[in-house]
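What follows is a single structure, written as C-alpha cells, with notes after it.
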Amino acid sequence: MQTLNQQELPWLYTISPKRKLVDLNFKEIWRYKDLLFLFVKRDIVTVYKQTILGPLWYFIQPLFTSIIFTVIFNNLAAIPVKPGVPAFLFNLAGITAWNYFKECLTGTSDTFTKNQAIFGKVYFPRVIIPMSIVVSNLVKFAIQLLVFIGFYVYYVSFTDAAYAASPQISLLLLPVLVLIMGLLGLGFGMLISSMTTKYRDLTFLVTFGVQLLMYGSAVMYPLSFFEEKLPSVSWLVAYNPMTIVIEAFRHITLGVGAISTVQLIYISVVSVVVFLLGLIVFNSTEKKFIDTV
Numbered sequence: 001m002q003t004l005n006q007q008e009l010p011w012l013y014t015i016s017p018k019r020k021l022v023d024l025n026f027k028e029i030w031r032y033k034d035l036l037f038l039f040v041k042r043d044i045v046t047v048y049k050q051t052i053l054g055p056l057w058y059f060i061q062p063l064f065t066s067i068i069f070t071v072i073f074n075n076l077a078a079i080p081v082k083p084g085v086p087a088f089l090f091n092l093a094g095i096t097a098w099n100y101f102k103e104c105l106t107g108t109s110d111t112f113t114k115n116q117a118i119f120g121k122v123y124f125p126r127v128i129i130p131m132s133i134v135v136s137n138l139v140k141f142a143i144q145l146l147v148f149i150g151f152y153v154y155y156v157s158f159t160d161a162a163y164a165a166s167p168q169i170s171l172l173l174l175p176v177l178v179l180i181m182g183l184l185g186l187g188f189g190m191l192i193s194s195m196t197t198k199y200r201d202l203t204f205l206v207t208f209g210v211q212l213l214m215y216g217s218a219v220m221y222p223l224s225f226f227e228e229k230l231p232s233v234s235w236l237v238a239y240n241p242m243t244i245v246i247e248a249f250r251h252i253t254l255g256v257g258a259i260s261t262v263q264l265i266y267i268s269v270v271s272v273v274v275f276l277l278g279l280i281v282f283n284s285t286e287k288k289f290i291d292t293v
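Throughout the sequence shown, residue numbering follows the numbering used here, covering 1 to 293 in sequence.
Spelled out as C-alpha cells, the structure:
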C-alpha cells in the first residue's frame, strides 16, 4: 500500500505568534462554537450554584436598587422625573440597561487572571471567553427586561399612567442599544483584563470605578436635570456613551428623554472603536501574558 509523505498532508490548524493587528477570526470562532456555548452554560449555571436564592438574585438586585434610588434620589433629594412617570419605573429602566453593561465590563475585566490555568494548557481562541460572558449576560438582561415589562404593565393597568402608549417604531432600536452596550463592555473589559496581567491593583479599582461611572451615566437622574443644575460640567455626562444609551432606553420604553440620529451615530462609532482597541490590546497581551500573570 502506498503511503503519503507526512509533509504532503495539509495542515488543519496553524498556530502562530504572528497575527494581524485586528484579528477576529470568525471562521475559527465558529469552529469552536461548542466551546463558546459550554462557557456560556458555565457562566449561567455556576454563578448561583449552591446559593439559597439562586436565579432569584436576577430579580432581587434590580428591584431593591430601584427602590433605594427612588427613596434617596426622588423622595429625599427630590430629583424630578417626567410628570406621570413613576420614579420607580424610571429608575428600573436605567438600572436594567446599566446592569447589562456593568456585568459585561466586570465579567471580562479579569479574563486572563481568572483563566490562566486553562490558557496555559490548551489552545483555543482566547477571545471566546470574554465573548461567552457577554452572551451569557444576555440571559440576565432578558430576565431583568421581563421584570421591567411586568412592572410597566402593572402601572399601565392599575394606575393613572400618563405615559402609557402603544408600541412605537423606536422599539426597534433596542437590539442596537444592546449591541452597543455589549461592545462597550467587551472592549473596556478586554483593555482592563490586558492591563491587570501586569498591574494587579487595577482589579481593586474596577468595582470602585464602575460605581463612579454609574453616577456619571444618568442612571438615577434625567440628563436634563444634570444640565440644569451643573451646566458647566454637564458635557462630561452628556458625552458619556452610556448616558446616551440609558437616555435612549428610557425614551423608547417610557417616552422620556430624547435621542437623535447624531447621538446614535456617535455611540455606535465609539463602541466599535473601543471594541477594536480592546481586541488589539487583548491579542497583543495574549502572546506573552503567561509570563507575567
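In this text, a Cβ means the ideal position worked out from N, Cα and C, and glycines have one as well.
CB contact flag (Phe148, Ala238, <8 Å)
no
For Lys41 and Ser136, I'd like the C-alpha separation in whole angstroms.
7 Å
If I follow the unbroken alpha helix (DSSP H) through Arg250, where does it start and stop?
241-254
What are the start and end residues of each continuous alpha helix (DSSP H) run of 4 or more residues lying completely inside the region 79-163, in chain order?
87-108, 111-114, 116-119, 128-158
Proximity winner among Ser271, Thr65, Lys102, relative to Gly209 (alpha-carbon distances):
Lys102
As assigned by DSSP and simplified to three states, the class of Leu171:
Here Leu171 sits in helix by DSSP.
Can you tell me whether Pro62 is helix, strand or coil according to DSSP?
It is helical.
From Leu145 to Ile95, what distance separates their C-alpha atoms?
10 Å
Is Phe150 buried or exposed, if buried means 16 or more other CB atoms sit within 10 Å of its CB?
The sequence shown places Gly at residue 150, not Phe. That one is exposed.
Sorted by chain position, which residues of the same chain lie with C-beta nearer than 7 Å to Ser166's C-beta, five sequence neighbours on each side aside?
Reliability fails at Ser166, whose pLDDT of 48 lies under 50, so the model's placement of it is uncertain and the value that follows must be treated cautiously. Sequence-distant Cβ neighbours of Ser166 in its own chain, meaning closer than 7 Å and more than five residues away, do not exist here.
Host alpha helix (DSSP H) of Thr285 (start-end)
261-286
Can you tell me whether DSSP reads Val40 as helix, strand or coil?
DSSP places Val40 in helix when its eight states are reduced to three.
Just curious, the alpha helix (DSSP H) that Ser234 is in, first and last residue?
234-238
Report, in whole angstroms, the separation of the C-beta atoms of Arg126 and Glu286, which I expect to be a contact under 8 Å.
5 Å
Please work out which residues of its chain come closer than 8 Å, Cβ to Cβ, to Val153, disregarding the five sequence neighbours upstream and downstream, and give them in chain order.
none
Using only alpha-carbon positions, find the residue among Thr197, Pro86, Tyr123, Thr203 that is nearest to Thr156.
It is Val, not Thr, that sits at residue 156 in the sequence shown. Among Thr197, Pro86, Tyr123, Thr203, the Cα nearest to that of Val156 belongs to Pro86.
In the DSSP assignment, find the unbroken alpha helix (DSSP H) run with Met214 in it and report its ends.
If you look at Met214, you'll find it in the alpha helix (DSSP H) that goes 202-215.
Given a cut-off of 8 Å on the beta-carbon distance, is the pair Thr65 and Met190 in contact?
The answer is no: Cβ separation not under 8 Å.
Do Lys82 and Val256 have their CB atoms nearer than 8 Å?
yes
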